[in-house]
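Participant: Dumping the structure here so I can ask a few things about it.
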Amino acid sequence: MEVKVRPLDCWDDFKKYRKKYYENYLEAKDKGGIRWAGSAWAFDPVPHGLGEDVYSLTGEPYGATCAFFQDFSRECLENIERQGVARDLCGYMRNYWGSIVLDKYLLADGTLVEPFPKPDFNFTIHICCSHAKWYHFAAELEGGIPTYAVDISVGPGYMLDDKKIEYVVRQLKDAIPWMEKITGREYNDELLIKAVYAEADAMSTWAKICKLNQAKPAPLEEKSMFSLYVLNLINRGDPEVAKLYYKLYDEVESRVKRGIGALTYEQFRFLTDNPPPWAFLKVYRYLEKEYAAVSLGAIYTFGLGGGWIGMDEKGEKWIWEPAPTPEEAGVEITNRDEALRWTAEYNLRYRASWQHEYSHWIRKQETYQMVKDWKADAMIMHLNRGCELWNMSTLEVRDYLVKNHVPTATYEGNMADPRDFDEARTFNVIDSFMQSLGIEKIS
Amino acid sequence: MTVAGIDVGSKFTKVVILNDSKEILGYSNIRTGIDHHKTVEEAIKEALKKADLTRDDINKYVATGFGKISVPFADSEITQVVAAGKGAYFVWPTARTVIEVGAEESRAVKVGEDGNIKDFALADKCAAGAGSFVDAMVRYLEVPLEEFGRISLEAKESVPMNAQCVIFAESEVVSLLHANYPKPEISRAIHDAIADRVASIARRVGIEDDVLLIGGLANDIGFIDSMKRELGTEVYVPDKIAPELVPALGAAIAEL
Amino acid sequence: MGKDVERLPQIKQFREWFEKRHEYAKEWKKKNGGKVIGYYCTYCPEEIFYAAGVLPVRILGSHEPESITRPYLHDMYCPFCHDTLAQGLQGRYDYLDGVMLAQSCLHMRQAYFSFADRVPNIEWSYYMPFPHGVNNPYAVEYTKAEFEKFKASVEEWTGTTITNKELDEAIEVYNKNRELMMKVFELRKAENPPITGLHAMEMVVSSQMVDKREHNEVLESFLEDLKDVEPNRETGTRLMLIGSEDDDRSFLEMIEHGINYPATFVYEENCTGARYFWDLVRPEEDRLMALAKRYVYRVPCPAKDWAVGRLFRRRFDHIEEIIKDYNVQGAIIAQMKFCDPHELDIPSLRKLFEQYNVKHLTLELDITQPIGQFRTRVEAFLEAMGEEDLFF
Amino acid sequence: MVTIQESEYWKWPETVWVDESKNWREAEVISCGIDLGSVSSQVVLMLDGELYAYSNLRTGSSSSESVDKALKSVLEKIGDMKMEDIHYIVGTGYGRVSIPFAHKTITEIACHGRGANYIYGPSVRTVLDMGGQDLKAIKIDHRGKVVNFLMNDKCAAGTGRGIEVVADLLSIPITEVGPLSLKVYPDDEPEPVSTTCIVFGKSEILGLIRKGWPKERILAAFFRSVATRVVELLERVGVEPEFAITGGISKNPGVVVRVQDMLGIKALESKYDPQLAGAVGAALFGRALYLKSKK
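Residue numbers (my numbering), protein chains in the order written: chain R, 1 to 443; chain F, 444 to 699; chain V, 700 to 1091; chain X, 1092 to 1386.
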């Protein structure tokens, strides 16, 4: 069937926001503001309490931007390897370090600026084997930037208890005086509370948007989602971000009502799992053009930026329903303790990407349920050499999907190291997969 | 109708000519030169000669293999996976697990009782180059290829070797040579290492009898022996036709 | 008349336990009728199992090439997790009743889950959340809370209740084992250490395989006999081994016996060596708190060693002490292929060594070791430290 | 069944040489260095630390035979010298363990360091040696003693062999691949093929052949990646002038030129064959060891 298509109206708003984000970090000092760097998973609302002129640089999205601009990426990777850094480490991290060593800073549009703007402090979390050590080494490369990492490795949401939440909250509490000391600023709890509300709104709204993509035809395809979900990874504590997601929700909802799709012709619906090889998004374009195949999303794009109910309390079934915001939960946040407690619990419990690394089973359920709920015909997995965490369990999941009659293909690559990607081999996988399923090329 | 299946591989180009009743009229297998188009022409010419046919007798051409784009006049193209599956199903209908080992690429295809492809796996980055690894090793050992397979059967012990990377395995072979290990042991070590790596691809789709081995390396009795040991099950090789011709055959069948 | 260490019965015993670990466990089961648990990471509080009458044994690899794990674990995960899972899938651990992991790196994590799911004889498995942030002040309390749940679960599984008395005994046995092995290590500070790194590895790894009571007995007589051991080999360069699971005999043999130049390991900073046993449990009224402190405060695995507030690595402080105490001249960094936590420390670690003028060589370990290439690297490494008189 | 190995493009010429102007009978110490590599074997004879004769042959499948052959060919060329006339023999290289009559073995790292010092003079501080299997970056002092060295990690193994592989792939004699690759250098230099792994790089090269790239462009892309890998290793060990390249690779302008330009340093040149560095170093150590034993 022919499908009506039209570009997203709020596309430019998202592009603009992201562009400004990287500029703000660069120019922060001219305005007497504060810079901090950390993982996209760091508790972003917390530094917001230092003032309204506090600007962050989150490492993974920055690494992805580097990777997208292949030539700069190669330069980063080769330079950091010359420092004796191993090749198989996190791809984002190596781009980030390389950028520091080259003393070049990359803006969203690919413009390079010198020098690399140093943060006043690093504030991150530790959940995979790299996060805290990433910023530990970055701090050493930058000559000793104060660094604080919050250990959040307390297990999946459905197994949370007060002791575990307390463990995280207490680390967050200590972080505040630590930040005050470094920045010489007085911490403002009102700003923290505002940011905590904003975070939940933004993440739960993104989840609602993702759900709209269950419609046939799918109103969004994953390639554009990459530019949309990212705001939740760079500055979700900013109420502006939540507002943009409301706007996007309304537009996507109306697209669904009017049967507007992402592709002119939707022959095949598939899901992915890992971060994509950023330098080779042509993989998605190829599937669209040659096979009218739409990528509906991934536990990556959905799970990273979204708040979801996730595993049921028995740990048997994954529930792809948006997580409640404070209002929806009937909670009122009035002080620092409540705010920290909320953001800790919300993230630990509902951030999908923090759940599936505590067992193959969770990731199997999460993925399988997504295939069902989004009415996908198949799964195309990226065996991502660039990320131990995201690539964990992938082959077990593949085995599980195949046994449950979900056609599954895998291709090898690296989200942020172009040297690990073999184009010919990848397209060969895709063609073989489609042919074996009897899906004809449309061109 | 007469169909020619053309498999342009990285090392060899094969052609198989079939008629409606799926009888093989002719075939060829020549080294792939730098000029793929020229190679393809030669391969077709040779196959036609064997079949005692001319170009005009061919109704359809089907291309497969890594260089399939070098067959501009092909009526259709199919991937190696489908070619291997179809070819294998024809020469060995009870084959459920088809393992193809070529010079650069190895793949495993799960074929259903209906001949449809149920699942497949291609070599990961680090598992590539099995076939050409053998060439290099034959050069080091200075034994003819036929010998190379046979002597591995005479090995008394198996020397464990890094099985994940051909290049690294190669360095180890050199070390073994210099440590004056007997050639049979070294040959066995090499075959085991390749079998180990190829098996790791095959296991991804699951080992289900019959296991059929195709592609150039299926001519190497040392390799077949190692595969049997590695998989702990019988491993078959096509009897009707040379194992490296199966994908070209599969390509031809696709149009019949 | 001095004794030859190689001839000591205890060395033979350690080696036998090391080689016949599975036979031992099966025998132990027959004798005691108890359960045997396999654990994955040295953060497992073995004392709790021991107190419940369960024999905890460390799951390690066999260093043989394998392909059976490849459908479940991608190639980019470390040789150790492939090798250990392969042991389970091949039925080598068919006597285990359960498997346990104290939260560790991602590699071990997924090997553990595949092991628990796919090894048929596993009736009980336990994934214990364990803090990565062992350098933050709240880790101990969190750990203690997890130990409580863990203890309860073990009690439920074994149908026993673990009393304080039993915990105290277990702690005593384990502390004793730690103390004795520290004493043995103490002797390696000598100009001519009585034992090699290979001996030390077999001693420590065997302690992870057998009933610690038996191991303690052997250790005690071992310490006695070591008094009159006369080192009959040239010590040569004093080496420190930095690594993780370094239980590949061929690797240690190659370095200590297969090179043109003498060299001896005097300390192993890894989890088949010192990192496993180095710190003691300091008894206190709350037993689980005492245990929690030991496991949180022990010399950390690189996976758990990172900055909180100020930039430091606790493991590095320990390494500095060892360099001084053991008069370390060279360091072999045995880098498990794909092990990110270790790789993440290496650039800074190299700086540390250079600061102390300790020469260092990095070797990347796989399931099997390319002895040929390694020999060249190690030999050149040792050559560069000596042979002065050949230059005139 | 088809025979795969008919092309021999990877083969390179062998040489045997004697300095007729010297009389070995006048020498106080006759030392011999044997570098038994994975691809080639060199035997060097020195008279009181001065180069006298050498052979440079391909290594066969039996290292002991290869050594005998290499040694015999030198002695035959000299004519009247016998094994017994040699005072001290040092073995080095991959196969050093299998040279029965060597008095001592020393690694190729130490030998290349020492040899580079002789071939290029005492100003050499950084030596690059690329063998069939291994890449070595060696830092030496004014005496040619190794101060520090680095060898390639697993994923960059077989770089040297890779050149043979590519020569075969393109059916071009190994001695010509380098010069040919420079035809497009530097102006038309394409992106390098995979700088990590030669297996990976090879599959990329096959892709380029399929795309119909001209040989010189393919070779340029390949040598670019080799050079990148080499430079990475050199920078990790820290390049300090003077800089010299030993081993077979020094004869390949495709690598040498690119490495020099990327480093911004020119490699030293010498009247001697740099492929002999290992054996020369071994022979020099042989002399030292002999004199030491006499003390």
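All C-beta atoms, glycine included, are put in the ideal place defined by N, C-alpha and C.
Could you say which of V:D1039, V:R1049, V:M1084 and V:T1067 lies nearest to E763 of chain V if we only look at CA atoms?
Facilitator: The shortest C-alpha separation from E763 of chain V is found at V:T1067.
Participant: With a cut-off of 8 Å on the beta carbons, I'd call L660 of chain F and G574 of chain F a contact; round off their distance for me.
Facilitator: Right, the Cβ-Cβ distance comes to about 6 Å (below 8 Å), so this counts as a contact.
Participant: Cβ atoms of L1219 of chain X and M1359 of chain X: under 8 Å apart, would you say?
Facilitator: Sequence inspection shows Leu at residue 1359 of chain X; the Met mentioned does not correspond to that position. No. Outside cutoff.
Participant: Which bits of chain X does A424 of chain R rub up against, with CB to CB less than 9 Å?
Facilitator: Correct list: S1294, E1295, L1297, G1298 and R1301.
Participant: Count the other CB atoms within 10 Å of the CB of R258 of chain R; is the residue buried (16 or more) or exposed (fewer)?
Facilitator: By the neighbour-count rule (16 or more Cβ atoms within 10 Å), R258 of chain R is not buried but exposed.
Participant: Closer than 8 Å, CB to CB, is P609 of chain F near chain X or not?
Facilitator: Position check: residue 609 of chain F holds Val in this sequence, whereas Pro was assumed. True, the Cβ-Cβ gap to chain X drops below 8 Å.
Participant: Buried or exposed: which applies to M1174 of chain X, given that a residue is buried once 16 or more other Cβ atoms fall within 10 Å of its Cβ?
Facilitator: With fewer than 16 Cβ atoms within 10 Å of its Cβ, M1174 of chain X is classed as exposed.
Participant: Based on Cα-Cα distance, which residue from R:R425, R:D109, R:I439 and R:K247 lies nearest to G508 of chain F?
Facilitator: The residue with the shortest Cα to Cα distance from G508 of chain F is R:R425.
Participant: Which term fits K734 of chain V, buried or exposed, when burial requires 16 or more other beta carbons within 10 angstroms of its beta carbon?
Facilitator: Buried, since its Cβ has 16 or more Cβ neighbours within 10 Å.
Participant: How is V1347 of chain X classed by DSSP in three states: helix, strand or coil?
Facilitator: Helix, per DSSP.
Participant: Given that V402 of chain R touches chain F, what residues does it touch there, using C-beta distances under 7 Å?
Facilitator: Those within 7 Å of V402 of chain R in chain F are D562.
Participant: In the segment 845 to 875 of chain V, which residues sit with their C-beta less than 7 Å from some C-beta in chain R, listed in chain order?
Facilitator: For the segment 845 to 875 of chain V, which is checked against every Cβ of chain R, not one residue is closer than 7 Å.
Participant: Given that a residue counts as buried once 16 or more other Cβ atoms are within 10 Å of its Cβ, and exposed if not, what is Q607 of chain F?
Facilitator: Under this definition Q607 of chain F is a buried residue.
Participant: Any chance you could list the beta strand (DSSP E) runs of at least 3 consecutive residues sitting entirely within the segment 269 to 309 of chain R, in chain order?
Facilitator: Listed in chain order, the complete beta strand (DSSP E) runs (minimum 3 residues) inside the segment 269 to 309 of chain R are 293 to 298.
Participant: Could you confirm whether any beta carbon from chain X is found closer than 8 Å to the beta carbon of L1051 of chain V?
Facilitator: It does not; no Cβ of chain X falls within 8 Å.
Participant: Please state if the CB of W318 of chain R and the CB of Q214 of chain R are separated by a distance shorter than 8 Å.
Facilitator: Result no, Cβ atoms of Q214 of chain R and W318 of chain R do not sit closer than 8 Å.
Participant: Under the assumption that I100 of chain R contacts E142 of chain R (Cβ atoms under 8 Å), give the Cβ distance between them as a whole number of angstroms.
Facilitator: Right, the Cβ-Cβ distance comes to about 6 Å (below 8 Å), so this counts as a contact.
Participant: With DSSP collapsed to three states, give me the class of I696 of chain F.
Facilitator: Reduced to three states, the DSSP call for I696 of chain F is helix.
Participant: What does L620 of chain F touch in chain X if you count any residue whose Cβ is under 7 Å from its own?
Facilitator: Neighbours of L620 of chain F on chain X, chain order: S1152 and S1154.
Participant: Quick one: measure Cβ to Cβ for G413 of chain R and N384 of chain R, integer angstroms, because I've assumed they're closer than 8 Å.
Facilitator: Going by Cβ atoms, the distance from G413 of chain R to N384 of chain R rounds to 6 Å, so yes, they are a contact pair.
Participant: Please name the residue, chosen from F:I501, F:G528 and F:K492, that lies closest to A694 of chain F on a Cα-to-Cα basis.
Facilitator: Here the closest residue by C-alpha is F:G528.
Participant: Give me the Cβ distance between A108 of chain R and G91 of chain R, rounded to the nearest whole Å; I'm assuming they're in contact under 8 Å.
Facilitator: So it is not a contact: roughly 19 Å between Cβ atoms.
Participant: Can you tell me whether P744 of chain V is buried or exposed, with buried defined as 16 or more other CB within 10 angstroms of its CB?
Facilitator: P744 of chain V should be labelled buried.
Participant: For A376 of chain R, does the three-state DSSP call read helix, strand or coil?
Facilitator: Three-state result, A376 of chain R: coil.
Participant: Between E1078 of chain V and chain X, is there a C-beta pair that is closer than 8 Å?
Facilitator: Closer than 8 Å to some Cβ of chain X, the Cβ of E1078 of chain V qualifies, so yes.
Participant: Does the distance from the CB of K1230 of chain X to the CB of D1088 of chain V come in under 8 Å?
Facilitator: Not in contact: K1230 of chain X and D1088 of chain V (Cβ atoms no closer than 8 Å).
Participant: Under a CB-based cut-off of 8 Å, is K1385 of chain X close to chain F?
Facilitator: K1385 of chain X does not count as touching chain F.
Participant: Using CA atoms only, rank isn't needed, just tell me which of R:A378, R:E396 and R:M415 is closest to H405 of chain R.
Facilitator: When only C-alpha atoms are compared, the closest one is R:A378.
Participant: To which residues does DSSP link V113 of chain R through a beta bridge?
Facilitator: In DSSP, V113 of chain R forms a bridge with R:Y105.
Participant: Mind checking whether A1079 of chain V and F1240 of chain X have CB atoms under 8 Å apart?
Facilitator: The answer is yes: Cβ separation under 8 Å.
Participant: Apart from the five residues just before and just after G49 of chain R, which ones in its own chain have a Cβ nearer than 6 Å to its Cβ?
Facilitator: Around G49 of chain R: Y187, N188, L191 and L192.
Participant: Taking only beta-carbon atoms, is T1217 of chain X less than 8 Å away from chain R?
Facilitator: Cβ-Cβ to chain R under 8 Å: no for T1217 of chain X.
Participant: In this structure, does DSSP put E1082 of chain V in helix, strand or coil?
Facilitator: It is helical.
Participant: Does the Cβ of S471 of chain F have 16 or more other Cβ atoms within 10 Å, making it buried, or fewer, making it exposed?
Facilitator: Buried, by the Cβ-count rule.
Participant: By a C-beta neighbour count over all protein chains shown, 10 Å radius and 16 as the cutoff for buried, is F1091 of chain V buried or exposed?
Facilitator: Its Cβ having fewer than 16 others within 10 Å, F1091 of chain V is exposed.
Participant: Output needed in chain order: residues of the segment 799 to 825 of chain V with a Cβ under 8 Å from some Cβ in chain C.
Facilitator: Here the protein chains are R, F, V and X, and chain C is not one of them.
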